[in-house]
């Protein structure tokens, strides 16, 4: 048990170190940091002095460790393009991304489970088959195309919903500005949330449907019906409850994907979040922002996967046997 | 089964027509339609210079007066008629789609080829050698699989672009894109090939080759590789659809191919800008082409997977 946890933690640390190395290499080898800091008229001696003062003449390893110790406390320097501290930039845009991810994650889970249960119970009905067909389209459409089509229908043709931005935001004190408290903020969230959550919703829906169909054939369900329990109690109290464990795991794993795909959604809807910040930093080769985002996204994925792996290990005793038998 | 009753037809083509896989293809309407659509789009892209009525990249043939012509309607100033209309610069949308599909398909095929070569080589080595090489490669593969491949392609592209000197960024963009998409997708091939190689390497024909004293590289390429290619083809077909979508996504985000070589994703990006002023055709037709291409290739891959799966026969 302890060995397994240690191995997983060690693996996560190695991944983070590798990503940090890539991020550091970006800093070190893309462009000349001195050239981007001093004016044209700086003399060679002044440049050399600055090099020495900034520690750019130190050995690679020393520089890497300086970078690491700064990264751990969130110091990634100043954005080349926006001339602001990177961490400040990311923190000011993080609420937008997190609110969007939260709304689409919850929507995906609620509608996914709802439609999944419905299509499993009413198999063959016209509503179920149309839900299944729509979900098939949802899986095969690229995310950005879903966003563009939604804008076309709901913002351009029907003019029901705004097509870009966050609407009005309310300052919650400190750096968190929320869009939940205003009418326009909530309206602006609908289209991006659908775009971001549709793929996850279809995934959860298909999973719930498959699990439900499986569970409904089980003996204890037949027995529950034989006891004369109401349909409602059988379907929701017994069947649904037993399908939820894998569903919750998958949803947890999908959290990372939601954050990843928010890059695409934010760009389509000009949503002022971290993903849009990253795309712009790639376009303008804004190294500090790229490096910080790289580390941030790696951290999110590593932490989520670590937690899910550990939970799995705690929940499922079979895994413990398999691992020791396989001898890895 | 039928072989005992029927004499085997002569000729290479006739034998291919009679094979199991051809039979499965002929009897699956979805596969036939998907194949026809894919081949149609691929041929149209290859022969774009011959088919396209206009050359969208030749500034001399462009007339700004022709801009924003709706499909099948004569232009208000010049009276020219375009099948699918024109974009903001007066480029024929039909021609730009043909050339755009060409770039999308080139990037897609090249990325799949790159991922395939990389994945197969690493998978063969890992499966045949085993030991620490195997554990290291599979550990890397495990970690990579936890990231969505589009995100990885995006990150690799961003990092790689940073390392290229600014003067070469535009010229190199398409190759960087191919490598980024390829690197984000090699794991699938490596895992499948590794698994199959571990099974094959203990079979008698491989042992026989080893006894003769054949070089390991020769054993891997001549004897093991042909026997593990079935599943690789399935992954490559579905991978092509994924690569085309990845390329379109990156180009749509404005970080993919340079604007001078617009792919389908770039065209959709341009089309989105004119949606609010009512020029829907600039967006619609490239989107339909992309969807048809991705869907057709995907369905073809699904069919191939089922057809090659012995358990489903």
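Residue numbers (our numbering), protein chains in the order written: chain A, 1 to 328; chain B, 1001 to 1313.
For each residue, glycine too, the CB sits at the ideal point set by N, CA and C.
(1) May I ask you to list the residues that DSSP assigns as paired with residue 171 of chain A?
(2) Chain B beta carbons: is any one of them nearer than 7 Å to that of residue 323 of chain A?
(3) Once the 5 residues before and after residue 1108 of chain B are set aside, which same chain residues still bring their CB inside 7 Å of it?
(4) For residue 272 of chain A and residue 93 of chain A, what's the separation of their Cα atoms in angstroms?
(5) Measuring CB atoms only, is the segment 135-152 of chain A touching the segment 63-83 of chain A, in the sense that at least three cross pairs come out at less than 8 Å?
(6) Pick out whichever of B:1069, B:1102, B:1066, B:1134 has its Cα sitting closest to the Cα of residue 1050 of chain B.
(7) Between residue 327 of chain A and chain B, is any beta-carbon pair separated by less than 7 Å?
(8) Could you tell me the alpha carbon to alpha carbon distance between residue 1299 of chain B and residue 1045 of chain B, rounded to whole angstroms?
(9) Could you give the residue range of the alpha helix (DSSP H) that holds residue 1132 of chain B?
(10) Can you list the residues of chain A that residue 1208 of chain B reaches, using a CB-CB cut of under 7 Å?
(11) For a contact defined as C-beta to C-beta under 8 Å, what are the partners of residue 1159 of chain B on chain A?
(12) Residues of the segment 274-290 of chain A with a CB closer than 8 Å to any CB of chain B: list them in chain order, please.
(13) Exposed or buried, which one is residue 1212 of chain B when buried takes at least 16 other CB atoms within 10 Å?
(14) For residue 1291 of chain B, go through chain A and note every residue whose CB falls closer than 9 Å to its CB, in chain order.
(15) Scan the segment 1157-1187 of chain B for residues whose Cβ lies nearer than 7 Å to a Cβ of chain A and list them as they occur along the chain.
(16) Go ahead and pull the three-state DSSP assignment for residue 279 of chain A.
(17) Determine which residues share a DSSP beta bridge with residue 162 of chain A and list them.
(18) If you check the beta carbons only, do residue 119 of chain A and residue 8 of chain A fall under 7 Å apart?
(19) For chain A, is any of its Cβ atoms less than 7 Å away from the one on residue 1295 of chain B?
(20) Rounded to a whole number of angstroms, what is the C-alpha to C-alpha distance between residue 1209 of chain B and residue 255 of chain A?
(21) What residues of chain B sit near residue 78 of chain A, judged by a beta carbon separation below 9 Å?
(22) What are the residues of the segment 154-171 of chain A that lie near chain B, defined by any Cβ-Cβ distance shorter than 7 Å?
(23) For residue 1149 of chain B, which residues from the same chain have a beta carbon less than 6 Å from its beta carbon, with the 5 sequence-adjacent residues on both sides left out?
(24) For the segment 270-288 of chain A against the segment 207-221 of chain A, are there 3 or more C-beta pairs whose distance is under 8 Å?
(25) Do you know how far the Cα of residue 1297 of chain B is from the Cα of residue 1035 of chain B?
(26) Which class does residue 148 of chain A belong to by DSSP, given the choice of helix, strand or coil?
(27) Using the Cβ count rule (16 or more neighbours within 10 Å means buried), how would you classify residue 1194 of chain B?
(28) Would you please verify whether the beta carbon of residue 242 of chain A is less than 7 Å from any beta carbon of chain B?
(29) Whose CA, out of A:307, A:293, A:304, lies closest to the CA of residue 90 of chain A?
(30) Do residue 252 of chain A and residue 308 of chain A have their C-beta atoms closer together than 7 Å?
(31) On the CB-based measure, 16 or more other CB atoms within 10 Å of its CB, does residue 1163 of chain B come out buried or exposed?
(32) Please check if any C-beta of chain B sits within less than 7 Å of the C-beta of residue 133 of chain A.
(33) Using 8 Å as the threshold, is the segment 1152-1163 of chain B in touch with the segment 1171-1181 of chain B, meaning 3 or more CB pairs across them?
(34) Just list the residues that DSSP pairs residue 1185 of chain B with in beta bridges.
Inspection of the coordinates gives the following:
(1) The bridge partners DSSP lists for residue 171 of chain A are A:177.
(2) With a pLDDT of only 49 at residue 323 of chain A, under the threshold of 50, the placement of this residue in the model should not be trusted; the figure read from the coordinates follows. Not an interface residue.
(3) For residue 1108 of chain B, where only same-chain residues beyond five positions count, the Cβ hits under 7 Å are 1240, 1243, 1244, 1247.
(4) If you draw a straight line from the Cα of residue 272 of chain A to the Cα of residue 93 of chain A, it comes to about 6 Å.
(5) No: fewer than three Cβ pairs fall under 8 Å.
(6) Closest option to residue 1050 of chain B, Cα to Cα, is B:1102.
(7) Residue confidence for residue 327 of chain A is low, a pLDDT of 41 falling below 50, so the modelled location carries little weight and cannot support an answer.
(8) For residue 1299 of chain B and residue 1045 of chain B, the distance between alpha carbons rounds to 20 Å.
(9) Residues 1131-1145.
(10) Contact note: residue 1208 of chain B does not reach chain A at a C-beta cutoff of 7 Å; the least C-beta distance is about 30 Å.
(11) Residues of chain A passing the Cβ test: 22, 26, 290, 294.
(12) The segment 274-290 of chain A vs chain B, Cβ under 8 Å: 278, 279, 281, 282, 283, 285, 287, 290.
(13) In this structure residue 1212 of chain B is exposed. Its beta-carbon is surrounded by fewer than 16 other beta-carbon atoms within 10 angstroms.
(14) Within 9 Å of the CB of residue 1291 of chain B, the CB atoms of chain A belong to 140, 141, 142, 145, in sequence order along the chain.
(15) Within the segment 1157-1187 of chain B, those residues whose Cβ lies closer than 7 Å to any Cβ of chain A are, in chain order, 1158, 1159, 1161, 1162, 1163.
(16) Residue 279 of chain A falls in the helix class under three-state DSSP.
(17) Assignment of beta-bridge partners to residue 162 of chain A by DSSP yields no partner.
(18) In this structure, residue 8 of chain A does not lie closer than 7 Å to residue 119 of chain A by Cβ.
(19) Yes, residue 1295 of chain B lies at the interface with chain A (some Cβ there is under 7 Å from its Cβ).
(20) Roughly 49 Å separates the two Cα atoms.
(21) For residue 78 of chain A, no chain B residue has a C-beta closer than 9 Å to its own C-beta; the minimum C-beta separation is roughly 17 Å.
(22) Listed by position along the chain: 156.
(23) Only 1184, 1185 meet the Cβ criterion.
(24) The segment 270-288 of chain A makes no contact with the segment 207-221 of chain A; the number of CB pairs closer than 8 Å stays below 3.
(25) Roughly 8 Å between the two C-alpha positions.
(26) Here residue 148 of chain A sits in helix by DSSP.
(27) Buried is the label assigned to residue 1194 of chain B, since at least 16 other Cβ atoms lie within 10 Å of its Cβ.
(28) Closer than 7 Å: no.
(29) Cα-wise, what sits closest to residue 90 of chain A is A:293.
(30) Yes; because the gap between Cβ atoms is below 7 Å, this pair is in contact.
(31) Residue 1163 of chain B is exposed by the Cβ-count criterion.
(32) Using a Cβ-Cβ cut-off of 7 Å, residue 133 of chain A does not count as an interface residue toward chain B, since no Cβ of chain B sits closer than that to its own.
(33) Segments in contact, yes.
(34) According to DSSP, which records beta bridges pairwise, residue 1185 of chain B is partnered with nothing at all.
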